[in-house]
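In what follows, a structure is listed as structure tokens, so that the remarks can point back to it.
Residue numbers (UniProt numbering), protein chains in the order written: chain X, 1 to 91; chain Z, 1 to 91; chain S, 1 to 91; chain Y, 1 to 91; chain G, 1 to 91; chain R, 1 to 91; chain D, 1 to 91; chain L, 1 to 91; chain F, 1 to 91; chain C, 1 to 91.
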């Protein structure tokens, strides 16, 4: 089951750089684990923004929420989720 | 070069059904040709809406505009385009 | 799997009353069938508006889209869908 | 009398973790008391967001405001309230 | 129980004048009946707009929806409802 | 001359509690003085929000601005003002 | 007492040209009468739009509404009104 | 003096095709005259939309309004104008 | 050449009062100089807001930007600029 | 390939002035390098705002993102990107 997810990152400028970097490193590892196991099949940068559009492939709403809530950057992101369905013209 | 495109369709209710159906049939064929030649790699329905999110893979902005403007439903759609780039965490 | 759905109805004022009434009668029957089979467990009117908030309980995004797209008033509605998950404080 | 309530939580990142956790623990207990006494019959997480949609069942606007204002997280939330009525097609 | 209600009227310009006037005459009578029986205690024109802000005093959400839905101009209005509570500084 | 005024209060979480309480106490006294002299005839809480809708009855725009600017919470509020006129259907 | 007023004109494209021209001629005369008597001291075109920003100088909200509602183009305009006060730095 | 101008075209679907084509032909000629005389130095299509971003180089606000108001498609466009100034980092 | 300018002031609550007062004093002097030399012919307070609407009369976009950028409160303001033209009905 | 880019700068008021100035100096040098090599052909100030509209001429979305992400002010800017295509009426 597919979902389009947009994530906008807002790291406060007074967060210590060391702490920010540690969070971003964990975020990268977390994201790559999910890409490898097939649940995060697409991850694209939005040009000019500290943001991404992603496709998630999960079995349920609950699974998607668990994945997103577990993102190390979750407290510093605005996330919006759009459920997708099969398009009748898709081949 | 990838772009995320959202298309919302607004067919006026006083458009004759026959004319609407003919346009939609041409839209489907046009879309499937582009899917087959690789320039429209993803096409998803937005759940609950007469709308889709799509990924286009084209060589230039001009090529993308030619493809979109050629959609038979183009006069009845609101389209928004987001340019995408490679994400540093994408594998 | 639960979804919150908001539907806003816009019936054009130049739609013949007879046709509008026939559509609304079919909408009511369609809605009550889904309520009875458990897939549309809640349906509430938004006070002061020709709109409703509903809860749908379905197995997938595709199933939800099929249900919504089949609504007789679908061509005359603006629909927005919010996927819901279990809340950690819910009992 | 039913109301749909959406709560979005914004905990400032410079609030000490201990204080934040203490508030969240009180929030959970407060919420579960109201769920048990029937005035907060539904509580759902919005997928991907630190937010919930809830249904409240109260006798008056004043009662609802007292309940919401008493939430331990109230100073850190944006809340919006939609009054609901019986839908003529609801069974 | 008090509610603030804003009504914006959009009468289509191709509605025959006679029909529009008949609806407005019924609207006025309907409104004055409710003002007299105490359920519509305030009705103000928004300066420069074909719109009003009103206060309704009703026993329930359902009663408010019945009153608003019964407005002869209901099909030509956008209505938004804000539930009000007693303010702790109100005398 | 009547005006509908909406006030949304945003007290910064790092304002010392003592200072906040002192401002709120002065706000309450200020508000009740104006209610008693007839220039602030209605004051309602918006359900679920740290906000109010109020009716002011003043002789001029300048008088209204002086009253609002004098509110002890003025630096911590977003205020919007809607001028009201007599409605032709008001009794 | 001063008010800033913005008027956006939307003349439906299927209004007969003769009727539109007659309304615009009356609008011009109406506007110039009010400019001459001092109640409409400023009238500016918004560059690139069929819209104006105006200053009105009236004795009350009711007087302003009467003037605006009397505009021959009133049924085809969206109007927004901002009450103005003396600025402490104005000379 | 430079201005960024965005024009969104909305041709009603019930405008006869012949009339629409005649207007568009005049629009093209009008636009090219202004491009040649240097007052419309840039004209770009917004990808995927029936819209353009343009740069105008004119001596005054009045001159810009005259040029825009004279566009044959003016009655069918939404136009927004942003005044531009020299940037201190521009070379 | 006239421009309508709206300025909304947001002074951070943790700016020392002395510093804020010094900036506001310079702002007042700066504003009154421009009012006296005719380039800032109108300055009005928006009722209920820490904001103003102003009319500027300048020779070019560059001149306007220089004036606005020089405002002592410029770093603490959101400014929006609307170019104005002569209205055909203005007398 | 052309893109219209709008950049809005928000430098936090508690960023030390020395640090802010150092970033702005690097921003200016970075911007002028790109203007000289032809990839940033236009850079305009938005009148009255700490913002610019720019035209970028790049070979791909990825190249544009690299350029924008490399801006020294990138962490303090909101950037929006609009892809542009050749306009059929452009000469």
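Backbone N, C-alpha and C fix where the C-beta goes; we use that ideal spot for every residue, glycine too.
Note that the structure is predicted; figures quoted are calculated from it, not measured.
- [ ] Tell me whether the beta-carbon of residue 90 of chain Z lies closer than 9 Å to the beta-carbon of residue 44 of chain X.
- [x] yes
Open item on the list: What are the residues in the stretch 20 to 46 of chain D lying within 8 Å of chain G by C-beta distance?
Closed with: Those would be none; no residue qualifies.
Task: Where the beta strand (DSSP E) containing residue 31 of chain S begins and where it ends - done: Element bounds for residue 31 of chain S: not the beta strand (DSSP E) but the alpha helix (DSSP H), 17 to 36.
- [ ] Would you check if the distance between the CB atom of residue 65 of chain X and the CB atom of residue 47 of chain Y is smaller than 9 Å?
- [x] In this structure, residue 47 of chain Y lies closer than 9 Å to residue 65 of chain X by Cβ.
TODO: With DSSP as the reference, label residue 75 of chain Y as helix, strand or coil.
DONE: helix
- [ ] Starting from residue 62 of chain S, trace the alpha helix (DSSP H) both ways and give me its first and last residue.
- [x] 61 to 69
TODO: Let me know the secondary structure DSSP gives residue 85 of chain S once reduced to three states.
DONE: strand
- [ ] Measure the C-alpha to C-alpha separation of residue 42 of chain Z and residue 68 of chain Z and round it to an integer number of angstroms.
- [x] 15 Å
Open item on the list: In this structure, how does DSSP classify residue 51 of chain S when only helix, strand and coil are distinguished?
Closed with: strand
Task: Of the residues G:32, G:84, G:72, the one placed nearest residue 57 of chain G, counting alpha carbons only - done: From the listed residues G:32, G:84, G:72, the smallest Cα separation to residue 57 of chain G is found for G:84.
Open item on the list: Within 10 Å of its beta-carbon, does residue 21 of chain F have 16 or more other beta-carbons around it, so buried, or fewer, so exposed?
Closed with: Per the 10 Å Cβ criterion, exposed.
Open item on the list: Short of 7 Å in beta carbon distance, which residues of its chain neighbour residue 9 of chain S, apart from the five on each side in sequence? Order them along the chain.
Closed with: Closer than 7 Å at the Cβ level, and outside the excluded window around residue 9 of chain S, lie 50, 51, 73, 76, 77.
Task: Burial state of residue 87 of chain F, where buried means 16 or more other Cβ atoms lie within 10 Å - done: buried
Open item on the list: Measuring only the C-alpha atoms, how far is residue 3 of chain X from residue 71 of chain S?
Closed with: Spanning the two alpha carbons is a distance of roughly 23 Å.
Open item on the list: Just to check my reading of the structure: residue 79 of chain D and residue 7 of chain D have Cβ atoms closer than 8 Å, yes? What is that Cβ distance to the nearest angstrom?
Closed with: 5 Å
- [ ] Counting only the same chain and skipping the five closest in sequence on each side, list residues whose C-beta sits under 8 Å from that of residue 30 of chain F.
- [x] If we look at residue 30 of chain F and ignore the five residues flanking it on each side, its Cβ neighbours are 70, 71, 72.
Open item on the list: Which of the three DSSP states is assigned to residue 14 of chain R in this structure?
Closed with: coil
Open item on the list: Please confirm whether residue 5 of chain D has its beta-carbon closer than 9 Å to some beta-carbon of chain E.
Closed with: The structure shown contains no chain E; the protein chains it does contain are X, Z, S, Y, G, R, D, L, F and C.
TODO: Under 6 Å Cβ to Cβ from residue 81 of chain R, same chain only, skipping five residues before and after it: list those, please.
DONE: 3, 5
- [ ] Throw me the rounded Cβ distance for the residue 13 of chain D and residue 15 of chain L pair, which I believe falls under 8 Å.
- [x] 7 Å
Task: chain Z residues whose Cβ lies nearer than 8 Å to that of residue 18 of chain L - done: Near residue 18 of chain L there are no residues of chain Z at all, since even the closest Cβ is about 16 Å away, more than 8 Å.
- [ ] Please check if any C-beta of chain R sits within less than 9 Å of the C-beta of residue 81 of chain Y.
- [x] yes
Open item on the list: For residue 38 of chain Z and residue 54 of chain Z, I'd like the C-alpha separation in whole angstroms.
Closed with: Rounded to whole angstroms, residue 38 of chain Z to residue 54 of chain Z spans 12 Å at the Cα level.
Open item on the list: To the nearest angstrom, how far is the alpha carbon of residue 18 of chain Y from that of residue 40 of chain X?
Closed with: 33 Å
- [ ] State the DSSP-derived secondary structure class of residue 44 of chain R, mapped to helix, strand or coil.
- [x] strand
Task: Inter-residue spacing [alpha-carbon to alpha-carbon] between residue 106 of chain Y and residue 63 of chain R - done: As shown, chain Y starts at 1 and ends at 91. That puts residue 106 of chain Y outside it, with no answer to give.
Open item on the list: Quick check: what's the CA-CA separation for residue 97 of chain F versus residue 36 of chain D?
Closed with: Since the first residue of chain F shown is 1 and the last is 91, residue 97 of chain F is not available in this structure.
Open item on the list: Could you tell me the alpha carbon to alpha carbon distance between residue 23 of chain G and residue 27 of chain D, rounded to whole angstroms?
Closed with: 27 Å
Task: Residue span of the beta strand (DSSP E) that contains residue 7 of chain D, given as start and end - done: 2 to 9 is the span of the beta strand (DSSP E), which, as asked, contains residue 7 of chain D.
Task: Residue-chain proximity (residue 78 of chain Y, chain S), Cβ-Cβ < 9 Å - done: no
Open item on the list: Can you check whether the C-beta of residue 84 of chain F is within less than 9 Å of a C-beta belonging to chain D?
Closed with: In terms of beta-carbon proximity, residue 84 of chain F lines the interface with chain D, with at least one pair separated by less than 9 Å.
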